Structures are given as C-alpha cells and as structure tokens.
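Protein chains in written order, with this note's numbering: chain A, 251 to 344; chain B, -4 to 276.
So this is what it looks like as structure tokens:
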C-alpha cells in the first residue's frame, strides 16, 4: 500500500491585516478527500485568530496585499480584504 | 388601499437598511401553505418579466392570496411602493441528501443602483436545521460583487441559517449574499421566491409616524450615550459579527447613504461618520 501526500487548504478571513487578528470567515478544502466542507456547514470558526492556526501546525502560504483604494472609490465595499491562505500536507491512504 | 398599520414602521425600515432583510415567522396561514404546496406540484404559472404585480397571480392563485395578505401587501408597499413590477419567480428545490450546498452568491449581476428591488422568500413547509434552509449574510447587501464571485466564502461569523416553521417569509434587498444550504434529509425542501421592481422613487413609502423622534438627535460619540437608545441611528450603527474592523465602518456609511435616499433627509447621519467627511469649509 502506498501513501500519497495531498494538500489541505485553510482560508481565513481576518478582521484586519495582522495575522493575529480575529477570524471573521473561513473555508476548508481537503485534498485527501477525508473531509468535505461546503457553504454554511458550520457556525463555529476553526480558530479564533490566524496566529492560532499557525500554532496548530498550518503553514501560511499567502498573505493579502495592501492595495490603496482606487481614487473615487475610497468608501466602496466589496470582497473581504484580509484573506490568508494556509496549508497542511497530509497523507492520503489508498 | 393599504392600512397605515400594515406598513413597516421606522425601526423595521432601519433594520432592513442595516441588515438587508426582514423576517416574519409563521405569518402565512396553513390553508395557504397547503394550497401553495399543491400548486408547486402542478406548476406555478409565471407572468412575463415587467408585468405589474396586480396583473399576476389572479384568484384563485394561492401565491396571489399570499401576496395580497395585508401584512405582505404592506411590506411590499413600504419597500418598493404601489404596484411594483413582477421580475421573476423561482421555486427553489433542495434535493434530498445533497453532497454540497449552493455557492454563496448575490442574485442577478453586479448592480450599481441605489434604488433597490426586493425578493420575497416564502417557506410553505417547516424547515428544520438539517433541511438546507436558505443561508443569509446580514449586512452584506451593499458589498458590490458579481453573483458567485464570492463562492469561496464557505462560512462567516453571524451568518443566518434559516430554520423556520411553515408560513415564514423573508423579504430581502436584492444585493444580499445568500445560498441554499445542503439538505441532509430524505425530503425535498421547497422555497418560493419572487423578485419585484419599484416603479416609483422609493421615498418615505413606509409608516413614517414619529420619524423625527425615531431618527434621534446627534449624540456624544464614542461614549455610553452613543447607542443607549434603540433609535434609527443605533440600529444603523450596529456592527455585524463578520464585519472587518475598518470596512465595517464603511458599512455604516453605506447605511447612512441608503437612509438618506429613502427618507429624503440629506443631512441625516449616524454618529458623525458622514458629517465629518462633508465638512470642507
């Protein structure tokens, strides 16, 4: 039996640009296929802050860039700004 | 003629402006609920887009009966005015034991208007927690996104999972982020939706009795007094759990702009957020 390595992705939407700020939204995608997550499946955040995810073994692989607003659109709101992406590499058992 | 008592009041309007929806639990009688379920099985006839609502769902249509109930007619009148246009209807079905939910989305396409459409969501049967009731994100209606661009957002603090009894009604701002959740039961889950477009300027269409006192005077800000009274300003200042620190303040500005639009009061403000920016002596 051969074990394969697969990526598991955690996306955390934080309250500001600091990694230790609080989690406001989240998504999980599991490349091993062991977990299946979908929209609205839980009201409980996996971590209270981004830093707690690091301390639990998640590796941060993307930080959101800080981009100034377009002139004339300083007050507009749209997508969530503070999207941090993490990964774990886990074994997929055949 | 719709009785004044059936119109929304100032604080209900403020809640709609703040959260993007209002919820009315168990307000549709069971005889209509049962008749609508039977009508869904037969197929509910839709009118062409742009038909005046008064020409849609003639008697004995159960959907027509629902829409003409005084409470329902009153909230329609309060939000989009007399005889709005029928846009479209949909019977949303969440199939039994689905693998996943619908992606989070805002309906139609990105919409840059201040004028707004409403969508009525009507739940004609009980929806328990595991049956995939609609998911709503309160306060998301002013975030300009194009349909399912937001699909990667699986869960947000403060999201509302609709769990309700038969005869419950939601009325939504067209821009609110929502989706149908995963149905884990062995039964189909139904929801009837209809979208309505205003044909009048949406200006003080609700019951504006006591508007001045309900709006409230300017207050000392960043103090205990700021939100001590449950007036329009306090309702519009209330943050949603998912709001980011900085953008959450911009959402209050979005609400101020909407209240100015529907009230015609161009000097209205919530705790000085806009007034400060508009001071350019």
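Cβ coordinates follow ideal geometry from the N, Cα and C atoms, glycine included.
As the structure is a prediction and not an experimental result, all values here were calculated from the model.
Under 8 Å between C-beta atoms of residue i and residue j
{"i": "residue 327 of chain A", "j": "residue 137 of chain B", "result": "yes"}
{"i": "residue 179 of chain B", "j": "residue 121 of chain B", "result": "no"}
{"i": "residue 278 of chain B", "j": "residue 184 of chain B", "result": "One cannot answer for residue 278 of chain B here, as it falls past the ends of chain B, which runs -4 to 276."}
{"i": "residue 22 of chain B", "j": "residue 66 of chain B", "result": "yes"}
{"i": "residue 165 of chain B", "j": "residue 73 of chain B", "result": "no"}
{"i": "residue 332 of chain A", "j": "residue 314 of chain A", "result": "yes"}
{"i": "residue 143 of chain B", "j": "residue 15 of chain B", "result": "no"}
{"i": "residue 259 of chain B", "j": "residue 198 of chain B", "result": "yes"}
{"i": "residue 312 of chain A", "j": "residue 334 of chain A", "result": "yes"}
{"i": "residue 187 of chain B", "j": "residue 27 of chain B", "result": "no"}
{"i": "residue 101 of chain B", "j": "residue 175 of chain B", "result": "no"}
{"i": "residue 167 of chain B", "j": "residue 48 of chain B", "result": "no"}
{"i": "residue 247 of chain B", "j": "residue 272 of chain B", "result": "no"}
{"i": "residue 181 of chain B", "j": "residue 249 of chain B", "result": "no"}
{"i": "residue 45 of chain B", "j": "residue 193 of chain B", "result": "no"}
{"i": "residue 162 of chain B", "j": "residue 25 of chain B", "result": "yes"}
{"i": "residue 177 of chain B", "j": "residue 280 of chain A", "result": "no"}
{"i": "residue 288 of chain A", "j": "residue 241 of chain B", "result": "no"}
{"i": "residue 330 of chain A", "j": "residue 275 of chain A", "result": "yes"}
{"i": "residue 260 of chain A", "j": "residue 273 of chain A", "result": "no"}
{"i": "residue 251 of chain B", "j": "residue 237 of chain B", "result": "no"}
{"i": "residue 107 of chain B", "j": "residue 256 of chain B", "result": "no"}
{"i": "residue 71 of chain B", "j": "residue 99 of chain B", "result": "no"}
Inter-residue Cα distance where the pair is residue i and residue j
{"i": "residue 223 of chain B", "j": "residue 214 of chain B", "result": "10 Å"}
{"i": "residue 129 of chain B", "j": "residue 11 of chain B", "result": "18 Å"}
{"i": "residue 277 of chain A", "j": "residue 141 of chain B", "result": "20 Å"}
{"i": "residue 257 of chain A", "j": "residue 293 of chain A", "result": "24 Å"}
{"i": "residue 278 of chain B", "j": "residue 189 of chain B", "result": "Outside the shown range of chain B, which is -4 to 276, sits residue 278 of chain B, and nothing can be said about it."}
{"i": "residue 205 of chain B", "j": "residue 5 of chain B", "result": "8 Å"}
{"i": "residue 265 of chain B", "j": "residue 53 of chain B", "result": "43 Å"}
{"i": "residue 104 of chain B", "j": "residue 172 of chain B", "result": "12 Å"}
{"i": "residue 113 of chain B", "j": "residue 50 of chain B", "result": "18 Å"}
{"i": "residue 147 of chain B", "j": "residue 9 of chain B", "result": "30 Å"}
{"i": "residue -3 of chain B", "j": "residue 68 of chain B", "result": "7 Å"}
{"i": "residue 29 of chain B", "j": "residue 78 of chain B", "result": "26 Å"}
{"i": "residue 40 of chain B", "j": "residue 88 of chain B", "result": "17 Å"}
{"i": "residue 158 of chain B", "j": "residue 123 of chain B", "result": "5 Å"}
{"i": "residue 308 of chain A", "j": "residue 295 of chain A", "result": "15 Å"}
{"i": "residue 210 of chain B", "j": "residue 255 of chain A", "result": "59 Å"}
{"i": "residue 300 of chain A", "j": "residue 239 of chain B", "result": "14 Å"}
{"i": "residue 343 of chain A", "j": "residue 19 of chain B", "result": "49 Å"}
{"i": "residue 80 of chain B", "j": "residue 336 of chain A", "result": "47 Å"}
{"i": "residue 253 of chain B", "j": "residue 339 of chain A", "result": "47 Å"}
{"i": "residue 36 of chain B", "j": "residue 94 of chain B", "result": "24 Å"}
{"i": "residue 235 of chain B", "j": "residue 132 of chain B", "result": "9 Å"}
{"i": "residue 284 of chain A", "j": "residue 341 of chain A", "result": "10 Å"}
{"i": "residue 262 of chain B", "j": "residue 55 of chain B", "result": "47 Å"}
{"i": "residue 0 of chain B", "j": "residue 225 of chain B", "result": "21 Å"}
{"i": "residue 7 of chain B", "j": "residue 13 of chain B", "result": "10 Å"}
{"i": "residue 264 of chain A", "j": "residue 43 of chain B", "result": "44 Å"}
{"i": "residue 208 of chain B", "j": "residue 195 of chain B", "result": "26 Å"}
{"i": "residue 320 of chain A", "j": "residue 275 of chain B", "result": "21 Å"}
{"i": "residue 139 of chain B", "j": "residue 253 of chain A", "result": "44 Å"}
{"i": "residue 85 of chain B", "j": "residue 212 of chain B", "result": "43 Å"}
{"i": "residue 228 of chain B", "j": "residue 323 of chain A", "result": "24 Å"}
{"i": "residue 310 of chain A", "j": "residue 267 of chain A", "result": "14 Å"}
Reduced DSSP secondary structure (H/G/I, E/B, other) of residue i
{"i": "residue 1 of chain B", "result": "helix"}
{"i": "residue 239 of chain B", "result": "coil"}
{"i": "residue 275 of chain A", "result": "strand"}
{"i": "residue 263 of chain A", "result": "strand"}
{"i": "residue 142 of chain B", "result": "helix"}
{"i": "residue 263 of chain B", "result": "coil"}
{"i": "residue 152 of chain B", "result": "coil"}
Check: residue i C-beta below 7 Å from any heavy atom of the ligand PLP
{"i": "residue 74 of chain B", "result": "You won't find the ligand PLP in this model; it holds no ligand whatsoever."}
Residue i - partner residues in DSSP beta bridges
{"i": "residue 252 of chain B", "result": "None, per the DSSP bridge assignment."}
{"i": "residue 164 of chain B", "result": "B/19 and B/117"}
{"i": "residue 338 of chain A", "result": "A/258"}
{"i": "residue 273 of chain B", "result": "In the DSSP output, where bridge partners are listed per residue, residue 273 of chain B has none listed."}
What are the uninterrupted segments assigned as beta strand (DSSP E) that are 3 or more residues long and contained completely in the segment 75 to 136 of chain B, given in chain order?
80 to 89, 113 to 118 and 129 to 131
Whole alpha helix (DSSP H) elements within the segment 26 to 76 of chain B, 4-residue minimum | Within the segment 26 to 76 of chain B, the complete alpha helix (DSSP H) segments of 4 residues or longer fall at 57 to 63 and 65 to 75, listed in chain order.
>> In chain order, what are the residue ranges of uninterrupted alpha helix (DSSP H) at least 4 long that sit wholly in the segment 265 to 329 of chain A?
In response: 300 to 305
Which whole runs of the alpha helix (DSSP H) in the segment 170 to 248 of chain B are 4 residues long or more, in chain order?
-> List check, alpha helix (DSSP H) in window: 206 to 210 and 227 to 232.
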